[in-house]
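>
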């Protein structure tokens, strides 16, 4: 492999590779998306609450 001549994939192979990754991610997100989202909900609530505190706090001059 040469730096000026990188390896090339066939367009169809690259498209199939992309589709398989997309389908795998879609299946994963459909299977575990709700549980992952509910797992991180407390963190979201905390970060929103903390942001509101910081926005309402007076700025030091």
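Numbering (this note's numbering), first residue to last: 1 to 61.
We treat Cβ as the ideally placed atom computed from N, Cα and C, and that holds for glycine.
Quick caveat, the model's predicted, so the values are computed rather than measured.
Taking DSSP as the reference, what is the three-state secondary structure of residue 10?
Position 10 of the chain shown holds residue 10. Residue state, collapsed to three classes: coil.
> Who are residue 2's beta bridge partners in DSSP?
Along the chain shown, read from residue 1 onward, the residue named residue 2 stands at position 2. Residue 2 is bridged to 5.
> I need the straight-line Cα distance from residue 23 to residue 10, nearest angstrom please.
Working through the chain shown from its first residue, we reach residue 23 at position 23. Working through the chain shown from its first residue, we reach residue 10 at position 10. Spanning the two alpha carbons is a distance of roughly 20 angstroms.
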